[in-house]
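Visitor:
Residue numbers (the numbering used here), protein chains in the order written: chain A, 247 to 372; chain B, 247 to 372.
(1) Measure the C-alpha to C-alpha separation of residue 307 of chain B and residue 272 of chain B and round it to an integer number of angstroms.
(2) Going by the CB atoms, is the gap between residue 280 of chain A and residue 312 of chain A shorter than 9 Å?
(3) Is the separation between the beta-carbon of residue 324 of chain A and that of residue 343 of chain A shorter than 9 Å?
(4) Have a look at residue 365 of chain A and residue 283 of chain B and give me their C-alpha separation to the nearest angstrom.
(5) Do you know how far the Cα of residue 329 of chain A is from the Cα of residue 335 of chain A?
(6) Along the segment 270-285 of chain B, what residues have a CB closer than 9 Å to any CB found in chain A?
(7) What does the Cβ neighbour count give for residue 293 of chain B, buried or exposed, with the cut at 16 atoms within 10 Å?
(8) Using a C-beta cutoff of 9 Å, does residue 348 of chain A count as contacting chain B?
(9) So is residue 304 of chain B in contact with chain A if we call contact Cβ pairs under 9 Å?
(10) Looking at residue 360 of chain B: is its Cβ nearer than 9 Å to the Cβ of residue 361 of chain A?
(11) Roughly how many whole angstroms lie between the Cα atoms of residue 192 of chain A and residue 267 of chain B?
(12) Does the beta-carbon distance from residue 274 of chain B to residue 263 of chain A come in below 9 Å?
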């Protein structure tokens, strides 16, 4: 008899790693970090980019650059900006393109979570 | 009216990127490249690692190192080796642990492909 590894003992230590992102014409435009920023902007009722950036541990400038990069890569902005608001510095909101990308990303995330559940079960049952 | 991007035009250019791998106690043990090697070993009836490596565009040494790395990270070998065979240099076969990891990886891959189909439909239909 061959001396084979004991799979029952080993399999509980197996896990999955996954990374996913949206692309536009082959360029990465939305992974987990950038999606977090769009979510924070969506959630922020006052339209404060400073606040939304802070929630992601980004500086205002870094967050603004992310928005500009997505705009550059897709050829279209993902936010509408305006002057005024509580801080006086202007507000920012997702436009329909920003919302669309975030929705698609969320759907993707949900599907990924479903597989993860399924696979965890598979390992336990088999 | 706000001037908003035309989503119908844009959405056909969206795609998905995904990377996934198996981990063992938090260490990466099997991504697409290493899984290819295990598949080639499984397929190779003569147990030739030279041949299996070649199919993956790896050198014999590189392929052997991959097997050793998986062994180190999981604390168990993924192959059984022996002497003799057509080339005279010895043969290599997946053991039960190597087969198990490859099977789990394949299931993962299948589930991922299913989501991809689903998401492609979503984008087209919505």
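Just so you know, even glycine gets a beta-carbon here, dropped at the ideal spot from N, CA and C.
Owing to the predicted nature of the structure, the values given are computational and were not obtained by experimental measurement.
Guide: Per the coordinate set shown:
(1) Within the second chain, the letter at position 61 stands for residue 307 of chain B. Within the second chain, the letter at position 26 stands for residue 272 of chain B. Straight-line Cα distance between these residues: approximately 26 Å.
(2) On the first chain, position 66 is the one that residue 312 of chain A refers to. On the first chain, position 34 is the one that residue 280 of chain A refers to. Yes.
(3) What you label residue 324 of chain A is simply residue 78 of the first chain in a count that begins at 1. What you label residue 343 of chain A is simply residue 97 of the first chain in a count that begins at 1. Yes; because the gap between Cβ atoms is below 9 Å, this pair is in contact.
(4) Taking the first residue of the first chain as position 1, residue 365 of chain A is located at position 119. Taking the first residue of the second chain as position 1, residue 283 of chain B is located at position 37. So the two alpha carbons sit approximately 22 Å from each other.
(5) What you label residue 335 of chain A is simply residue 89 of the first chain in a count that begins at 1. What you label residue 329 of chain A is simply residue 83 of the first chain in a count that begins at 1. Answer to the nearest angstrom: the Cα atoms are 7 Å apart.
(6) The residues in question are 270, 271, 272, 274, 275, 277.
(7) In the second chain, residue 293 of chain B corresponds to position 47, counting from 1. By the 10 Å Cβ count, residue 293 of chain B comes out buried.
(8) On the first chain, position 102 is the one that residue 348 of chain A refers to. Answer no: the Cβ-Cβ gap between residue 348 of chain A and chain B never drops below 9 Å.
(9) Indexing the second chain from 1 puts residue 304 of chain B at position 58. Answer no: the Cβ-Cβ gap between residue 304 of chain B and chain A never drops below 9 Å.
(10) Within the second chain, the letter at position 114 stands for residue 360 of chain B. Within the first chain, the letter at position 115 stands for residue 361 of chain A. Yes. Within cutoff.
(11) Residue 192 of chain A is absent from the structure shown; chain A starts at 247 and stops at 372.
(12) For this step, residue 274 of chain B is matched to residue 28 along the second chain. For this step, residue 263 of chain A is matched to residue 17 along the first chain. Yes, the pair counts as a contact, with Cβ atoms nearer than the cut-off.
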